[in-house]
Each structure stands twice: as C-alpha cells, then as structure tokens.
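Peer 1: Using the working numbering, read the sequence shown as starting at 205 and increasing by one per residue.
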Amino acid sequence: MGGFFWTARVPFDLFGPVHLVTIGALAVVGTCLIRVGLRADERGRRRLRVTLGLAIFLLLVARHIWKAATGLWTVQNDIPLHLCSAMAWITIYGLWTRRPGVLRLMYFLGVAGAVQAVLTPEAEFGVMHFTFFETMGSHGAVVIAGVWAVMVEGYRPTARDPWIVFGLLNLYAAVVFPLNRLFGSNYLYLIEKPPGSTLLDFFPGWPWYILLLEPLAIGLFLLLRLPFRNPAAV
Numbered sequence: 205m206g207g208f209f210w211t212a213r214v215p216f217d218l219f220g221p222v223h224l225v226t227i228g229a230l231a232v233v234g235t236c237l238i239r240v241g242l243r244a245d246e247r248g249r250r251r252l253r254v255t256l257g258l259a260i261f262l263l264l265v266a267r268h269i270w271k272a273a274t275g276l277w278t279v280q281n282d283i284p285l286h287l288c289s290a291m292a293w294i295t296i297y298g299l300w301t302r303r304p305g306v307l308r309l310m311y312f313l314g315v316a317g318a319v320q321a322v323l324t325p326e327a328e329f330g331v332m333h334f335t336f337f338e339t340m341g342s343h344g345a346v347v348i349a350g351v352w353a354v355m356v357e358g359y360r361p362t363a364r365d366p367w368i369v370f371g372l373l374n375l376y377a378a379v380v381f382p383l384n385r386l387f388g389s390n391y392l393y394l395i396e397k398p399p400g401s402t403l404l405d406f407f408p409g410w411p412w413y414i415l416l417l418e419p420l421a422i423g424l425f426l427l428l429r430l431p432f433r434n435p436a437a438v
C-alpha cells in the first residue's frame, strides 16, 4: 500500500495496457451514469449530480493532502490555475447549482480541456500510483460532467457560445500570465511547454505555440457545437 502513495513502481506507458483499461473504465462509468441520469426523476438526478461533484471534490482534496504530506506542494504548481484544475472546481459548482453559464463552461472547457489530459496525462510517478488514478479520475469526471450538462441537464449550445467561451478563456489567460511572472510558475503553460508527451510537442517554441493554440481552441469549441447546430439558434 505504501508504494501506491509514495513511490513509482511501473513507468507510465502512453496508451499502454493500464492507460487504455483506465480510459475504458472511465467510458463505461460515464455511459452508465448518463443512462441512469436520463431515466431518473429529478430527485435521482440531483443525487447523481451531488455524488459526481463530491467525487471530484474528494479527489482534488486527496491530491492536495498527498502533496502537502510529501512536501511536494508548491505555489508554482498547485494553485488551481491550470485550466483543468480550475475547471474541476467550476464543475463541482456547476453540478451542485446547475447555473446555465456554468454548464456552458463545463461543456466547452471541461470536455475540450480534460479529454486531452485523459489521453496524454502527466504521470511523473508512473502508473499503479495514487497520482495517476487521481489524475485520470478527476479529469475523466470533468469530461463526464460536461457530457452530463448536455445529455441530462438539457444545456444546448447556441451559435454564440463557442465565441463567448473563447473570449473568456483568453481573458483568463490574460489574468494568469502576470501571475506566472509573479510566482515563477507556468500555469496554463503560458511560459513554456509542459513536460511529457503532449500535443504541444508538435508545435514550435514559445510564444508561437500559444498563438497556434488560438485557432485550435476555437476549432475545438466549434466542433463541440456541431451536434447542436440549428439554423434557428442564436
């Protein structure tokens, strides 16, 4: 049990057996949760929403406790300013309140951001370690919650929503950038590319990869809008 929390035993293999099984398990859990939610009455849906939000909350708190206990918690890495970290807390709020503006963020930023993290997670301590399963679990739950917003809660993205979210994302980046300079951090990866294997490996160096992420981001948002395309939507 100690090795599960304190040491890395099995190196992470991108799309290796453990990674693929974990992705599959998340897909099964998400599908089952959505199906149950669609069949449940309002009281049942509320219980499911609260439970999913609580699961994300406990995973986040557990990670902070673990990092504090190991002496690894730092201002440079552990303030919830990364997109997925911020979205995890926003998702909890959205699940518990069902506010339309928050459901919009859950769908566009939660799904677009967390899917990439599930496919290419940071696994510095390897697989079969607490941090790997916490990362996969919390990010997977954010994706599930984003799908829940449209499938169960009935949120329907309008033609303007991708652009609204895109503007909010850029505004958020404008706030985080000076904080990076202040803390000596790299939140949102605005200072340099993240470690490990990510999509950004195919991009040029700073600041060009940031500029190239702009059309990629709006492209993903527009792609997420496609299933709900309606000429009457405004």
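Just so you know, even glycine gets a beta-carbon here, dropped at the ideal spot from N, CA and C. Please read all numbers here as calculations on a predicted model, not as lab measurements.
Tell whether a beta-carbon distance below 9 Å holds between Leu264 and Trp300.
Peer 2: Not in contact: Leu264 and Trp300 (Cβ atoms no closer than 9 Å).
Peer 1: Could you say which of Gln280, Val347 and Thr274 lies nearest to Asn390 if we only look at CA atoms?
Peer 2: It is Gln280.
Peer 1: If you reduce the DSSP assignment to three classes, tell me which class Val356 lands in.
Peer 2: Coil at Val356, not helix or strand.
Peer 1: Taking just the CA atoms, how far does Phe216 sit from Gly305?
Peer 2: When rounded, the distance between both Cα atoms is 37 Å.
Peer 1: Would you kindly report the start and end of the unbroken alpha helix (DSSP H) that includes Val379?
Peer 2: Unbroken alpha helix (DSSP H) run through Val379: Asp365 to Phe387.
Peer 1: Suppose the cutoff is 8 Å on Cβ atoms and the five residues either side in sequence are ignored; what does the same chain contact list for Leu394 look like?
Peer 2: Excluding sequence neighbours, Leu394 sits near Ala377, Val380, Phe381, Asn384 and Ile414.
Peer 1: By alpha-carbon positions, which one of Val322, Trp410, Arg303 and Leu417 ends up nearest to Gly358?
Peer 2: Here the closest residue by C-alpha is Arg303.
Peer 1: I think Val356 touches Ile238, with their Cβ atoms under 8 Å apart; what is that distance to the nearest whole Å?
Peer 2: About 6 Å; that satisfies the 8 Å criterion.
Peer 1: Please name the residue in Leu309, Pro399, Leu404 and Thr335 whose C-alpha comes closest to that of Lys271.
Peer 2: It is Thr335.
Peer 1: Quick check: what's the CA-CA separation for Leu427 versus Tyr311?
Peer 2: Cα-Cα distance, rounded: 12 Å.
Peer 1: For Gly220, which residues from the same chain have a beta carbon less than 8 Å from its beta carbon, with the 5 sequence-adjacent residues on both sides left out?
Peer 2: Hits under 8 Å: Val331.
Peer 1: With 16 as the cutoff for other CB atoms within 10 Å, does Asp365 come out buried or exposed?
Peer 2: The residue in question, Asp365, is buried, as its Cβ has 16 or more Cβ neighbours within 10 Å.
Peer 1: Decide yes or no for the touch test of the segment 340-356 against the segment 404-421: beta carbon pairs closer than 8 Å, at least 3 of them.
Peer 2: Too few Cβ pairs lie closer than 8 Å, so no.
Peer 1: To the nearest angstrom, how far is it from the Cα of Pro284 to the Cα of Trp277?
Peer 2: The straight-line gap from Cα to Cα measures roughly 12 Å.
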